[in-house]
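*Asks:* Listed in order, the protein sequences are those of chains A and B.
According to the working numbering, the stretch in the first sequence is residues 17 to 185, in order.
According to the working numbering, the stretch in the second sequence is residues 924 to 1362, in order.
Beta carbons are placed, not taken as given, at the ideal position from N, Cα and C, and that holds for glycine.
Quick one: the structure is below, and I'll ask about it shortly.
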Amino acid sequence: MSPDTPAPPPPSHDHGAARIARVLALAGGAVVIGLALLVTASILMRWFGGAGIDGDFEMVQIGLALAIFAFLPLCQAHRGNVMVDTFTSRLPAGVQAALDVLWDLVYGAFAAFIAWRLAVGALEAYSSRTTSMVLGLPLQYAIGACAAMALFLALIAGLTALRRARVRG
Amino acid sequence: MSGASIAAWGFAGMLALIAVRMPVGLAMLTAGSVGYISIAGWPAFLNYMKTTPYFLFSNYTLSVIPLFILMGAFAERSGLSRDLFRAASALVGHRRGGMAMAVIGACTAFGAICGSSVATTATFGRAALPELQRYRYEAGLSTGTIAVGGTLGILIPPSVILVIYAISTEQNIEKLFQAALVPGLLAMAFYCLAIAWTVRRNPDLAPPHPREDARERVAALLAVWPVLLVALVVVGGIYGGVFTATEAAAVGAVAMLLVSLLRRLLSWESFKGSLVQTAETTALIFVILLGAEVFNSFLAFSQLPTTVAAAITEAGLAPYLVLTIMLAVYIVLGAVMDELAMILLTLPVFFPIVTALDFGMLPDEVAIWFGILVLIVVGIGLTAPPIGLNVFVIHALARHVPITRTYRGVLPFLATDIVRLALCVAFPALSLGLVRWLN
């Protein structure tokens, strides 16, 4: 099993798509901090003023989904996903690399598929006017944003496959 | 082909994919999707994937995972984990084996603000390993202690594994956190005993060194009060019923950020580093969650879990025999599989069986107790050969120590793990006592 942390040192200069993945992950992290502040503020208000912030629950839900989709591309760019290295470590390096390229492509295909399905889901949420319970926030924007980030994840997976294939040549 | 045999093929296919280096979450996703389509059909699968990834990730309870990881990342990046280790070594470091015990003590305190064993191992691998080497502690004892100490990150609540258990079995997270405390502290005590026993048999492993002077000791202890305060607020708040787990995680992350900023310990670069670390660790957990969700939906369609559960329940085996077999299965699986994936995949089958058995307790209590037992076996799987994630983490940080040496260092601790597991099986009150008392 190759663990995520300590992460393999990220490529010394991320460029292009990998840099966007990093910015996206930082934005997702900012969202998580924002959620932490929101929940904390809501608790403090409940203690001192009586009522918490309306709809903090559903803002956490929406924010969490956005943050997670924002995290996924960076994890792929840094090759962070957990895998189990058993007998394959004894295979020739070329075979190992070929397998890794293949799985990057499968992952990318899944990400593209999920992006497509989420886009359909977002359109349906739009036409059925699905909203959150308390605040009535329209959900299609959040689902649509997740679809876009899933598409970006597909791109990143394709690029990591390409880079790995080139390195091994 | 019957549902059950499709499910069996699904399992075999998933394990085969994992064996050929496919990432664990992706293997579950692939096998689960193929199985889902072959039982329920393509249109149903298209429909299922339209919203599942979004609604799975927008689960309020799951928000504790990134929040707790963020809190731990802030604590680590601002050097607060190193302070914890210094304080613990100021207290006991001069005793024989004391620096190793200080690692265990610091990991216990860190476990109260961090929910991940990998993060705890990596943190103390960086903070404590150089110190242990400076005091010429034997390499295997040092790396083994840190690998085992890392499991305290999940054994001491909060714990990512317990959050996942709570969600997949629909149990109360706060009660699970309460139940984990006494077994967690027991782990700490047993690990210190294991160190004492090891260094007594072979004193050369841990050369003693003189005690620091009183002023330095006091300074080291004073430096950690903010961290201990945050830990107390988080854990105490959950136990006292002041916070839900999510609220505690949010408050803890904000408090830890404030502590780091006020003490000027967190540079802009380390702040960004904390966010990146949170992103990567969280992402890999959620990829596995998505894979498990799809795979388990496929399993539910195949009706395999209910068939197996019914067969075992009807067989009329002794409850403790069934429980022992399950725990043995976990120990074997945990030795070769990712622990998170392991519990996500087995719980749909094991959980209904366990809660249907008669242990002379309420089903709710059995559910909580079983969660703690699962947590202990997960901890064992994280350090046991041939594949222990924590051992790999420490190996990545200390390449010069052969991995077999770390495994040898881990062995005495593993022996105490088995004893602790047996105690927790024999005396459910160890887990449930605090829950009953607090509720």
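Using 8 Å as the Cβ pair cut-off and three pairs as the minimum, do the segment 1120 to 1131 of chain B and the segment 994 to 1004 of chain B touch?
*Replies:* no
*Asks:* Quick check on DSSP: helix, strand or coil for P154/A?
*Replies:* strand
*Asks:* Indicate whether at least one CB of chain C lies closer than 7 Å to the CB of S961/B.
*Replies:* Here chain C cannot be found, since the structure's protein chains are A and B.
*Asks:* Identify the continuous alpha helix (DSSP H) that holds Y123/A and give its terminal residues.
*Replies:* Start and end: A109 to S143.
*Asks:* Would you check if the distance between the CB atom of L1256/B and the CB atom of M1249/B is smaller than 7 Å?
*Replies:* No, the pair does not count as a contact, with Cβ atoms beyond the cut-off.
*Asks:* Please classify I929/B as buried or exposed, where buried requires at least 16 neighbouring CB atoms within 10 angstroms.
*Replies:* buried
*Asks:* Out of R35/A, A52/A and I36/A, which has the shortest C-alpha to C-alpha gap to M1179/B?
*Replies:* When the alpha-carbon of M1179/B is set against those of R35/A, A52/A and I36/A, the nearest one is in A52/A.
*Asks:* Can you give me the start and stop residues for the alpha helix (DSSP H) that N970/B sits inside?
*Replies:* Counting along the chain, the alpha helix (DSSP H) containing N970/B begins and ends at W965 to F980.
*Asks:* Taking the straight line between their C-alpha atoms, what separation do you get for A1172/B and R1359/B?
*Replies:* 24 Å
*Asks:* Quick check on DSSP: helix, strand or coil for G1046/B?
*Replies:* According to the sequence as given, residue 1046/B is Thr; it is not Gly. T1046/B falls in the helix class under three-state DSSP.
*Asks:* Who pairs with T1169/B in a beta bridge, going by DSSP?
*Replies:* Per DSSP, T1169/B has no beta bridge partner at all.
*Asks:* Would W63/A pass as an interface residue toward chain B - the criterion being a Cβ-Cβ separation below 7 Å?
*Replies:* Contacts with chain B at 7 Å (Cβ-Cβ) do not include W63/A.
*Asks:* Evaluate contact between the segment 1042 to 1060 of chain B and the segment 1142 to 1155 of chain B, counting only Cβ atoms and requiring at least three cross-stretch pairs below 8 Å.
*Replies:* no
*Asks:* What does the Cβ neighbour count give for W1148/B, buried or exposed, with the cut at 16 atoms within 10 Å?
*Replies:* Per the 10 Å Cβ criterion, exposed.
*Asks:* My assumption, with CB atoms under 8 Å, is that V1150/B sits in contact with L1007/B. Please give the rounded CB distance.
*Replies:* 6 Å
*Asks:* Taking 7 Å as the CB-CB limit, is G124/A close to chain B?
*Replies:* no
*Asks:* Nearest CA to the CA of P1286/B: which residue from P1275/B, L1296/B and R1009/B?
*Replies:* P1275/B
*Asks:* Inspect the CB distances between the segment 124 to 134 of chain A and the segment 160 to 170 of chain A and report whether three or more fall short of 8 Å.
*Replies:* Two segments are said to touch when three or more pairs of C-beta atoms, one from each, lie closer than 8 Å; by this definition the segment 124 to 134 of chain A touches the segment 160 to 170 of chain A.
*Asks:* Measure from the C-beta of F1047/B to each C-beta in chain A and report whether the shortest distance is under 7 Å.
*Replies:* no
*Asks:* Using the C-alpha atoms, what's the distance from P946/B back to T1201/B?
*Replies:* 19 Å
*Asks:* Buried or exposed: where does S1190/B fall if 16 or more other Cβ atoms within 10 Å of its Cβ makes it buried?
*Replies:* exposed
*Asks:* Kindly indicate if chain B contains any beta-carbon less than 7 Å away from that of L45/A.
*Replies:* Going by the sequence as given, residue 45/A is Gly instead of Leu. Taking Cβ atoms only, chain B reaches closer than 7 Å to G45/A, which makes this a yes.
*Asks:* Under three-state DSSP, which class holds T146/A?
*Replies:* coil
*Asks:* What does S981/B touch in chain A if you count any residue whose Cβ is under 7 Å from its own?
*Replies:* Q77, I78, L80 and A81
*Asks:* Looking at the secondary structure, which residues open and close the alpha helix (DSSP H) in which P1275/B lies?
*Replies:* E1262 to A1279
*Asks:* Alpha helix (DSSP H) containing H1318/B: first to last residue?
*Replies:* L1312 to L1320
*Asks:* Step through the CB atoms of chain B and report whether any lies within less than 7 Å of the CB of G66/A.
*Replies:* no
*Asks:* Is it buried or exposed for P24/A, if we count other Cβ within 10 angstroms and need 16 for buried?
*Replies:* Here P24/A scores only 46 on pLDDT, less than 50, and its place in the model should not be relied on; the value that follows carries that caveat. P24/A comes out exposed.
*Asks:* Would you list, in chain order, the members of the segment 944 to 959 of chain B that have their beta-carbon closer than 9 Å to a beta-carbon of chain A?
*Replies:* R944, M945, P946, V947, G948, L949, A950, L952, T953 and S956
*Asks:* Would you mind telling me which residues of chain A sit closer than 7 Å to T1043/B, beta carbon to beta carbon, in chain order?
*Replies:* Close partners of T1043/B in chain A (Cβ separation under 7 Å) are lacking, with about 10 Å as the shortest Cβ gap.
*Asks:* Taking 7 Å as the cut-off, decide whether the C-beta atoms of Y959/B and F1221/B are in contact.
*Replies:* yes
*Asks:* Among the candidates L1104/B, R1019/B and A1290/B, whose CA atom is the shortest distance from the CA of R1134/B?
*Replies:* R1019/B
*Asks:* When you compare the segment 1075 to 1091 of chain B with the segment 1030 to 1048 of chain B, are there three or more beta-carbon pairs, one atom per stretch, that lie closer than 8 Å?
*Replies:* The count of Cβ pairs closer than 8 Å, one atom from the segment 1075 to 1091 of chain B and one from the segment 1030 to 1048 of chain B, reaches three, so the stretches are in contact.
*Asks:* Going by Cα to Cα distance, which pick from L1227/B, A1215/B and Q1226/B is closest to S1091/B?
*Replies:* A1215/B
*Asks:* Give the straight-line distance between the Cα atoms of G1332/B and R1049/B, rounded to the nearest whole angstrom.
*Replies:* 18 Å
*Asks:* Just verifying my parser: in three-state terms, what is the DSSP assignment at V1324/B?
*Replies:* Of the three classes helix, strand and coil, the one that applies to V1324/B here is coil, per DSSP.
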